Structures are given as C-alpha cells and as structure tokens.
Amino acid sequence: MDRLDDMALFARVAETRSFTVAAARLGLSRSAASRRMTELEARLGARLLNRTTRRISLTEAGETYLVRVQQILADVDEADRSVASLQAAPRGVLKVAAPMSFGMQHLGPAIADFLSAFPDIEVEMDLNDRFVDLVDEGYDVAVRIGQLKDSSLVAKRICPARVVHAASPAYLTRRGVPRAPEDLAQHDCLIYTNIPQGAQWPFRVTPLTPGAPRGGNHDSDAATRLVKVNARLRANNGDVLLEAACAGVGIVALPTFICGKALAEGRVVPILQEWAVTRSAINAVFPANRHLSSKVRVFVDFLADRFGPNPYWDVGLKLG
1 MDRLDDMALF
11 ARVAETRSFT
21 VAAARLGLSR
31 SAASRRMTEL
41 EARLGARLLN
51 RTTRRISLTE
61 AGETYLVRVQ
71 QILADVDEAD
81 RSVASLQAAP
91 RGVLKVAAPM
101 SFGMQHLGPA
111 IADFLSAFPD
121 IEVEMDLNDR
131 FVDLVDEGYD
141 VAVRIGQLKD
151 SSLVAKRICP
161 ARVVHAASPA
171 YLTRRGVPRA
181 PEDLAQHDCL
191 IYTNIPQGAQ
201 WPFRVTPLTP
211 GAPRGGNHDS
221 DAATRLVKVN
231 ARLRANNGDV
241 LLEAACAGVG
251 IVALPTFICG
261 KALAEGRVVP
271 ILQEWAVTRS
281 AINAVFPANR
291 HLSSKVRVFV
301 DFLADRFGPN
311 PYWDVGLKLG
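In case it helps, full-length UniProt numbering puts the sequence shown at residues 1 to 320.
Structure follows, in structure tokens:
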C-alpha cells in the first residue's frame with residue numbers, strides 16, 4: 001500500500017481511537033486496517049498504538065509521528081487545492097489598499113475595467129496614504145510605491161515610477177532655475193511627509209551627460225546621495241503638493257503618475273533632470289500564503305498588463 005494511504009489510515013485511527021470507525025471512513029475492513037497498521041509499525045521499527053480490547057491510545061512514538069503525518073497530509077491537500085485554484089474561476093471579495101493619488105487617478109478607472117472582465121469578483125478598495133498592515137488588517141493585496149522594506153510579503157512589479165523635480169514657470173522666473181542639487185538650499189520646497197526622508201531628496205553623485213540613457217540598469221547602478229531641502233509646505237498627499245507647485249509656492253518632487261498632466265500642459269516644468277534618480281517602481285504586494293488565490297493572481301496580472309513597463313502617463317513627456 002502507498003505510504004500516504006497508510007499515513008491517512010494512522011491519522012484516522014489516532015483521531016477516532018477506533019479501527020472500526022477509521023476503516024469505515026476509508027472504505028476498508030477492520031481486519032485490513034489493523035493489518036496495515038501492524039505493517040506500518042514493522043516498517044518504522046516502532047510501536048505507534050497501544051491496543052487493548054477496550055481502547056486504543058498513542059504511544060510516545062505515535063504522538064511524535066502523528067504531528068509529522070498531519071503536517072504531511074495537510075501539505076498534500078494544500079498542493080491539490082493550489083492547483084485547483086489556478087483552474088477555478090476567480091470569485092469572491094478582493095480587499096485592496098492603495099495610495100490616494102494613484103488610486104483616484106489611475107487605479108479607479110482600472111478597477112472598473114477589472115470588474116467588467118471578472119464579474120464574479122467584488123472589490124473593496126481602501127485609498128489611504130498611510131502604511132497598512134496587510135495581514136493584521138485583512139487586505140488581500142496592496143499597491144505600494146517606492147523602495148520596499150524587507151518583509152514576509154511577496155511583491156510583483158507593476159510598472160516604473162519616475163520621480164520628477166518641477167516648479168511653475170512663474171516660480172522659476174521669480175527665484176531662478178537651480179542648476180545643481182546644492183542650489184535647492186536657496187529655494188522653497190514642497191515636502192511629502194509619508195516617507196521617512198521627506199526633507200532629504202536623493203540625487204545622483206554625478207550628473208548624466210546630455211543624451212545619456214536614463215532608467216534601467218544604468219540608473220540602478222548610479223551612486224546617489226541625499227540633499228537636505230527647505231520645506232515651505234509639508235503634506236501627506238501628492239495632489240496637494242502639485243497644486244501648490246502649480247500656484248508658484250515652490251519646487252516639488254513627485255512621480256509622473258501625479259504630475260504628468262501638469263508637465264504636459266506646462267503648468268510645471270522639470271528641473272535638475274540630469275541629477276534625478278529614477279529607479280523607483282510601483283509594486284503589488286500580498287501575503288506569502290502557501291498558494292496565491294486566483295482572485296489576487298488575476299488582479300496583479302491585470303495591473304501589470306494595464307500599466308506595464310511604459311505606463312501611459314509617461315507617454316509624450318519630454319523629460320530629457
């Protein structure tokens with residue numbers, strides 16, 4: 001007999017404390033079940049069960065073996081379910097957390113198309129710029145922007161997130177155009193407060209030469225440094241900072257998924273492009289469960305296909 005069958009029989013006997021009940025559940029005769037347990041003990045070289053005419057109990061070896069057997073049987077069941085879940089139609093409630101600006105400008109329209117494509121899925125979306133704990137708060141998946149902290153979560157890259165330093169033409173006419181990161185000490189800056197280094201902006205140690213490639217491995221290998229900037233306005237929302245920048249309040253550092261339209265319309269113009277660090281990304285993160293549920297899998301794949309390596313909000317931007 002297969003070892004897994006013997007393990008399953010042993011687990012049933014241990015659970016029910018009865019050869020008769022365990023055998024019936026597995027479609028065996030009592031004598032066949034008893035014989036197989038005797039053969040299992042002989043193969044292991046240890047007595048697993050204490051048998052009397054009145055009751056069955058586990059030996060110390062049986063207690064130890066039962067813990068391992070239950071884990072093995074659970075793993076086998078999980079493996080079967082994981083394959084089945086890949087084939088099953090995605091369904092159920094999908095709880096999603098995402099940053100406010102990205103959620104309103106880009107994720108909202110995407111969700112509408114996602115729901116049309118997967119009619120058996122319901123989405124509960126929480127738009128908030130705070131950091132959420134997926135496991136403790138019961139989220140299936142979160143969209144996160146920027147460098148990810150080491151954690152037990154699994155991450156899948158959805159698309160790049162290019163950060164641009166920009167200001168309104170009126171501000172730059174009034175205050176001058178900074179030519180190097182150190183010049184920012186003489187300027188008013190608009191600070192995003194939901195990141196630890198909000199008042200310190202990363203820049204390249206050595207600027208790119210005109211026409212040099214940006215992004216990709218070239219950018220990832222660049223040496224960087226943090227430059228302290230003066231805060232005229234601090235806010236935990238990028239849209240607020242963008243409106244202030246467009247009004248001429250100061251210089252802002254924002255991802256293009258927030259400021260792309262303002263850049264295209266000329267309400268703000270990019271500065272310090274040759275110094276900019278552009279290796280950020282937008283990721284979908286989800287708990288490292290034993291298998292990825294089909295509703296999470298199709299959602300993450302949908303976002304990656306929707307936004308991709310060249311997101312639509314960067315198309316047509318002339319950023320050098």
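Heads up, the beta-carbon is just placed ideally off N, CA and C, and yes, glycines get one too. Small disclaimer: the values here were computed from a predicted structure and weren't measured.
So residue i packs on residue j, CB below 8 Å; how close in whole Å?
| i | j | result |
| --- | --- | --- |
| V164 | C246 | About 14 Å separates the two Cβ atoms, so there is no contact after all. |
| L127 | L153 | With a Cβ gap of about 19 Å, L127 and L153 do not count as contacting. |
| V76 | L4 | 7 Å |
| F286 | V93 | About 15 Å; that fails the 8 Å criterion. |
| T278 | R157 | About 14 Å separates the two Cβ atoms, so there is no contact after all. |
| V252 | A180 | Incorrect: roughly 18 Å between the Cβ atoms, too far for contact. |
In whole angstroms, give me the CA-to-CA distance for residue i and residue j.
| i | j | result |
| --- | --- | --- |
| T20 | G27 | 10 Å |
| T193 | P169 | 25 Å |
| G248 | D301 | 40 Å |
| P178 | L272 | 7 Å |
| D2 | D120 | 39 Å |
| W201 | L172 | 19 Å |
| L184 | A199 | 11 Å |
| C159 | E78 | 32 Å |
| R47 | R68 | 16 Å |
| P90 | E137 | 22 Å |
| A264 | G238 | 17 Å |
| G62 | T53 | 19 Å |
| A74 | A11 | 11 Å |
| L319 | R81 | 48 Å |
| A24 | S31 | 11 Å |
| F257 | F102 | 7 Å |
| P309 | I111 | 19 Å |
| A155 | S57 | 47 Å |
| R232 | R174 | 16 Å |
| L241 | R234 | 8 Å |
| S293 | T38 | 41 Å |
| I282 | V143 | 7 Å |
Whose CA, out of the options, lies closest to the CA of residue i?
| i | options | result |
| --- | --- | --- |
| I191 | N230, R54 and A155 | N230 |
| T64 | R55, D75, L49 and P270 | L49 |
| D129 | S116, Q71 and P99 | P99 |
| P270 | G250, F286, T59 and I282 | G250 |
| L208 | G238, W275, R68 and L233 | W275 |
| S280 | L40, P255 and V143 | P255 |
| E122 | K95, R267 and R232 | K95 |
| N236 | R36, N283, A161 and F131 | F131 |
| A284 | L263, I145, A42 and M7 | I145 |
| L228 | A264, Q186 and L241 | As written in the sequence, residue 228 is Lys, which differs from the Leu given in the question. It is Q186. |
| S29 | R175, L44 and L9 | L9 |
| R35 | D6, A61, A288 and E60 | D6 |
| T16 | A155, E60 and L66 | L66 |
| Y312 | K261, S293 and L58 | K261 |
| L226 | I56, F114, D314 and P196 | P196 |
| F118 | L40, F299 and V13 | F299 |
| T59 | Y139, V268, V13 and D314 | V13 |
| E243 | V268, A223 and T224 | V268 |
| A223 | M37, D314, G266 and R204 | R204 |
| A97 | R297, Y139 and M37 | Y139 |
State the DSSP-derived secondary structure class of residue i, mapped to helix, strand or coil.
| i | result |
| --- | --- |
| D80 | helix |
| P287 | coil |
| L127 | strand |
| V132 | coil |
| Q200 | strand |
| T59 | coil |
| S168 | coil |
| T224 | strand |
| Y312 | helix |
| residue 328 | This structure leaves residue 328 out entirely; the chain is present only between 1 and 320. |
| P109 | helix |
| L233 | strand |
| V296 | helix |
| V67 | helix |
| L190 | strand |
(request) Please determine if the region 105 to 115 and the region 298 to 316 are in contact, where contact requires at least 3 C-beta pairs separated by less than 8 Å. (result) Note that the region 105 to 115 touches the region 298 to 316; at least 3 beta-carbon pairs, one per stretch, sit closer than 8 Å.
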